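With this note's numbering applied, the sequence shown has no gaps in its numbers, which climb one by one up to 265 at the end. For each residue, glycine too, the CB sits at the ideal point set by N, CA and C. Fair warning: this is a prediction, and the values are worked out from it, not measured in the lab. Down below is the structure, laid out as structure tokens.
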Amino acid sequence: MNQTLSDRFSLLAFFLITISLLTRPSTSTIQSFVYGGCSQQKYNRGTPYESNVNSILTSLVNSADASNFNNFKISVPGSGPTDIVYGLFQCRGDLINTDCKSCVANAVSQLGTLCPDATGGALQLEGCFVKYDNTPFLGVEDKAVVLKKCGPSIGYDTDALARRDAVMDYLAAGGQCFRVGGSGKVQGVVQCVQDLSMSECQDCLSEAIGRLKSECGSVAWGDMFLGKCYARYSERGDYSKSGGGEGFHDWWWFVVSGFVLLW
């Protein structure tokens, strides 16, 4: 009986230890650059398509006031079938509305700078994801790897690996589009874009988690961003390092490397 109670308390502690992930983040953190890309096709200025792009980006920012996700299909008067623009934003599940809107506004501003006149663009900040395009993508599953980051090796640390696997298994179990979990020093977070059904979300997260475990191996932290979901884990105190090195938060890395997403 005592052992059963002990097991229950251990399980409860496992689920509740994530409180540090749910504290309100700083503005600088949620607006840190993760990745971005632009379609190679350009639109002509002064056309209905430009009006549709401006309209959809404005709509994304305005709607972030009341929700952490929304999507739009916009075609202003005078638009033809090829002028339709699709767009969405997704904020991290723990953000309050004011932080969500601030993040989306920042992402839209950066998109205007990084993807001038591009018919499509996507930008992931720490706190939010924004995408627009002229190709229908709303509700379409996308498991293509956009960004993979693996931290330094921790060697064959059986305790750390067991805790990582426990956290990842818990996050893979399903239930919500945004999930956090922790065990000891290891913390994890996953999220999928809410235009997916729950089964599609689960499918995407399973792919991201599987790739993260197999491709990063025994490392202190790892990030796996797919087109419509991501999975991340770290040892406590090391999570911020997942943004360091290799240009993860480097604005110029985006520009100099010419990182382009093709849709």
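Exposed is the label assigned to N64, since fewer than 16 other Cβ atoms lie within 10 Å of its Cβ. Membership of V169 in the alpha helix (DSSP H) is indicated by the continuous run T160 to A174. Excluding residues up to 5 positions away in sequence, Q92 lie with their Cβ nearer than 6 angstroms to the Cβ of F131 in the same chain. Here A146 is exposed. Its C-beta has fewer than 16 other C-beta atoms within 10 Å.
Distances from the CA of K133 to each of D205, D225, D197 and G157 were compared; the closest alpha carbon is that of D197. Fewer than three beta-carbon pairs drawn from the region 96-107 and the region 159-172 are found closer than 8 angstroms, and the two stretches are therefore not classed as touching.
Contact check for P118 against V78 fails: the beta carbons are separated by 8 angstroms or more.
When the Cα atoms are used, I156 and S220 turn out to be separated by approximately 6 angstroms. Runs of the beta strand (DSSP E) spanning 3 or more residues and lying entirely within the region 35-92 occur at 35-40 and 71-76, in chain order. Annotated as distal: K150 and M200, with beta-carbon spacing of 8 angstroms or more.
When DSSP states are grouped into helix, strand and coil, C117 belongs to the coil group.
Contact between L173 and G190 holds: their C-beta atoms lie close to 5 angstroms from each other, under 8 angstroms.
Distance from the Cα of Y235 is smallest, within the candidate group A168, D205, A68 and G39, for A168. Judged by DSSP in its simplified three-state form, V188 adopts strand. Secondary structure of C194 (DSSP, three-state): strand.
Take the alpha-carbon of N54 and the one of G123: they are about 14 angstroms apart. For K215, the uninterrupted alpha helix (DSSP H) segment begins and ends at M200 to C218. Cβ-Cβ distances below 6 angstroms link Q204 to G176 in the same chain, with the five nearest sequence neighbours on each side left out; the list follows chain order. For L228, the closest C-alpha among the options Q193, R181, I86 and V148 is that of V148. A buried status is given to K230, since no fewer than 16 other beta-carbon atoms sit within 10 Å of its beta-carbon.
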